[in-house]
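Below is one structure; the comments refer to it alone.
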Amino acid sequence: MNALSVRLHRRSSLSLAIVLSCGLSFAAVWPLSPPRLAANFGSFAKGRVIVGVALAGEEGSVRASEDGEIAFSAEEGTLPSGLPSALGSFVVVEQRGDIAAVYSHLVPGTLSIRERKPKAGDAIASPGKSGWIEGTGVVYQVFDRRASSWVNPYLLLPPLEDDVPPVIRSMALSRGAKSYVIGAAASVPQGTYRLSVDIADPSNAPWSAGALAPYAVRLSVDGIEISQEVFDVAKAKGGKLQLFAQNPMAADDLRTAEGRYELAERLFTRGRTVIEVQVEDASGNKRTASWAVLVE
Amino acid sequence: MEEIGKRRVAAALVIVVLLAYFLVCAFPLQKEFVLVPAWAKSLSVASAAQTANASARQKVVSEAKASGEEVIPFRLGDRYGYFSPDGNILFSAVADYGVALAPDAYATYDRLSEGFTIKSPYGAELARVAAIGYPFFAAGRRFVIGPDQMTVSELSESGAVKWSYQLASIATAFDASASLAVFGLIDGTIVGLDPAGKAVLDFAPGGSRIAGVYGVAASPDGLLVAAVTGADKQRLVILEKRSAAYRVAYHRYLSSDYRRPVYIAFTGDGSRLAYESPSGIAVYDRGTKRETIISVPATTRLGQTMQGGQLMVFLSGRGDTKRLVCTALPDRRVLDVPVKASLAFVEARDDSLFLGADDSLVRMDFEER
């Protein structure tokens, strides 16, 4: 059992099912090596949720992550239909298991479309900054055709070498326009509150769309787990983007105006309550924080 | 003697039959279409003259505005602008990154566009838009596609976002009519949105080993949607709106196996559909449900109809040598000329054809003789 399969065992059974249904081979490679994350699945950039990974890099080639077949490619500019390409030059590679991998923001004119069936590790194009992207690199996305959803690429790629756990900055309870940051407030009145947490996973990329998202966030109140957000899949439904396979949440509702992750809504009655948050990144690094709250 | 008589009778019969053939089966000679040059302009010369003389430019703009005639947008690589049918170039400018062009408005945008200004061809500011993404205009409507190529919004006249819609996957093709905006996605789905941003069509044709939409077109009345879908095997699918839903009205497998965007469009009157095929431009007639192939190098840039739909005009090919092809429908080629230009566009209005080639703009009028 190698490191990747160990990682997968740590993840939810649903994630494992997705990976298995994709026909994962352990020959998968990161499209840019070494992978320097500028944005990851679930992170925010300009008010939108990223449903892939942005890898920073100017040198080398963008490589096929798996064996596949080029299904579609387009160059930067306006497509014949008059639609602009916000992804710049991009290519879609069909992989086993009804998976479509998208490599975007490539240097125009470098698409190796003669290689219609690239093998894992074959050069596809050069990393670039075509289309709407703040730095230079590639945005890599994975679409599961069977489930019609975007899959976190972490589930299909080798583990990142990362031993830095995510950061938990603060926890807040909100009711209407009123918000109590725990620690700053000694006590809160009883009532129903929305719980949100300020968390981030550090990135050392030369450009970054913002703080990286965690892989999973678990919330417990008085020792009972009341919510679990696993950044595994995203799917558009009724014209709106939803995240998480279990307990889907509208992407628009994922974060507060202050940038905290919304976790759950809960009724707090008088007494002392202990709130615990555990955050896990894609490499399995965890950080736990707990707060005691006096409810009056 | 009897033998000679028989020969004379036979000869007389042949003559009678020939005469009868020429009298009864006479077919008038087809009229010839002739292109008559009307004017030719150099964009760089016109641009330099207007830069040097602001009042001259103002005069051109005022005259075009006063005439009330619809001006024509052009785009040749990074250069874009407008001209009037009588040859006055309103302006010619170079876009830093992108430009959305329509007969009534345009907007330039940056690569990292977080907003843009919509202007009229005469330079008046129409709207300021605070939206992240790239604008694109079609069928008198204004849209924005988000940085993810999945979020689409429509703008009001004032530039406010009327609606936004998250597509299930990445948009690869688009077309619009007044009543329908249709998108083709990499997952092989065709999505149609009504003017309120509500999905009225969500259909995956399937039937191919690899799903995808390579080109999509909406008829001007919005009742038909056509698409080149899938790879191995690729196929043409035409959907027709019956009562409230779109249903497959026609489909056939194609010999093509494109893995790139493909040209497909309905003619202005909606009677025909033109699309790229390996053997040329295929023209599907809605009325007869028959297809004809116009054999030209088929990386088509634009197709238009002229002379009340009798003529179809294409600018075909890629690289430095393109071909301007006019076909009298269904399949009589009346013009096929090489166009030596790396950048070119063609626009047809009534009986006039406007051709842009690198630095030049030319108007030619069709005459039937």
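So the sequences go chain by chain: A and B.
Its first residue numbered 13, the first sequence is counted upward by one per residue in this note's numbering.
Its first residue numbered 2, the second sequence is counted upward by one per residue in this note's numbering.
Ideal placement from N, C-alpha and C gives every residue a C-beta, glycine not left out.
Please read these numbers as outputs of a predicted model, since none were measured by experiment.
Query                                                                                                                         : Result
Lys-7 of chain B in three-state terms, based on DSSP                                                                          : helix
Supposed close pair Ala-219 of chain B, Leu-181 of chain B - CB separation, criterion 8 Å                                     : 5 Å
Range of the contiguous beta strand (DSSP E) that encloses Ala-47 of chain B                                                  : Ala-47 of chain B -> not in any beta strand (DSSP E); alpha helix (DSSP H) instead, spanning 44-53.
Nonlocal neighbours in the same chain, by C-beta distance under 8 Å from Ala-1 of chain B, ignoring five residues either side : No answer is possible for residue 1 of chain B: the residues shown for chain B start at 2 and end at 370.
Span of the beta strand (DSSP E), counted from its first residue to its last, around Lys-341 of chain B                       : 333-341
Alpha carbon of Ala-98 of chain A to alpha carbon of Val-200 of chain A, nearest angstrom                                     : 46 Å
Interface partners of Ser-170 of chain B on chain A, CB under 7 Å                                                             : Phe-155
Simplified DSSP assignment, three categories, for Gln-59 of chain B                                                           : helix
Partners in chain A for Leu-167 of chain B, counting only beta-carbon separations shorter than 7 Å                            : Here residue 167 of chain B turns out to be Gln, not Leu, going by the sequence shown. Those are Ala-248, Gly-251, Lys-252 and Leu-253, listed as they occur along chain A.
Option nearest Val-249 of chain B by Cα separation, candidates B:Ser-256, B:Leu-356 and B:Val-226                             : B:Val-226
Interface partners of Glu-78 of chain A on chain B, CB under 7 Å                                                              : Going along chain B, no residue has its Cβ under 7 Å from Glu-78 of chain A, so there is no contact; the nearest lies around 15 Å.
Cβ-Cβ separation, Thr-122 of chain A to Ala-68 of chain A (assumed contact under 8 Å), whole Å                                : In fact, because the Cβ distance is near 18 Å, the residues do not count as touching under 8 Å.
Of the residues A:Pro-92, A:Ile-211 and A:Glu-308, the one placed nearest Gly-203 of chain A, counting alpha carbons only     : A:Glu-308
Simplified DSSP assignment, three categories, for Ala-103 of chain B                                                          : strand
Spatial distance of Phe-137 of chain B from Ser-343 of chain B (CA atoms)                                                     : 24 Å
Selection from B:Phe-34, B:Tyr-215 and B:Ser-43 that minimises the alpha carbon distance to Leu-362 of chain B                : B:Ser-43
Any C-beta of chain A under 8 Å from that of Gly-216 of chain B                                                               : yes
Three-state secondary structure (DSSP) of Lys-163 of chain B                                                                  : strand
Residue-chain proximity (Asp-203 of chain B, chain A), Cβ-Cβ < 8 Å                                                            : no
Simplified DSSP state of Phe-23 of chain B, which is helix, strand or coil                                                    : helix
Euclidean distance between Cα positions of Ser-17 of chain A and Gly-59 of chain A                                            : Note on Ser-17 of chain A: pLDDT 38, under 50, position unreliable in the model; the coordinate value appears next. C-alpha separation (whole angstroms): 34 Å.
Terminal residues of the beta strand (DSSP E) in which Thr-90 of chain A lies                                                 : Where Thr-90 of chain A is concerned, there is no enclosing beta strand (DSSP E), given that its DSSP letter is neither H nor E.
Nearest residue (CA-CA) to Lys-242 of chain B, options B:Thr-328, B:Tyr-251 and B:Lys-234                                     : B:Tyr-251
At least three beta-carbon pairs within less than 8 Å, the stretch 127-141 of chain A to the stretch 89-98 of chain A         : no
Nearest-angstrom Cβ-Cβ length linking Gly-124 of chain B and Val-37 of chain B, presumed shorter than 8 Å                     : Actually they are not in contact, since the Cβ atoms of Gly-124 of chain B and Val-37 of chain B sit about 33 Å apart, beyond 8 Å.
For Val-41 of chain A, the nearest candidate out of A:Ala-276, A:Leu-169 and A:Ala-301 (CA to CA)                             : A:Leu-169
Per-residue contacts from Val-104 of chain A into chain B (C-beta, under 7 Å)                                                 : Ile-187
Segments assigned alpha helix (DSSP H), at least 4 residues, entirely inside the stretch 163-240 of chain A                   : none
Reference Ile-211 of chain A; option with closest CA among A:Tyr-192, A:Asp-234 and A:Ala-184                                 : A:Ala-184
Chain B within 8 Å of Ile-111 of chain A, Cβ atoms only                                                                       : no
When B:Ala-197, B:Ala-47 and B:Lys-120 are compared against Phe-84 of chain B, the one with the closest alpha-carbon          : B:Ala-47
Buried/exposed call for Glu-277 of chain B, threshold 16 Cβ in 10 Å                                                           : buried
Delimiting residues of the beta strand (DSSP E) encompassing Pro-148 of chain B                                               : Pro-148 of chain B -> no beta strand (DSSP E), and no H or E assigned at all.
Test: Ala-68 of chain A CB closer than 8 Å to a CB of chain B                                                                 : no
Limits of the unbroken beta strand (DSSP E) element including Trp-303 of chain A                                              : 298-307
Alpha carbon of Val-114 of chain A to alpha carbon of Gly-99 of chain B, nearest angstrom                                     : 23 Å
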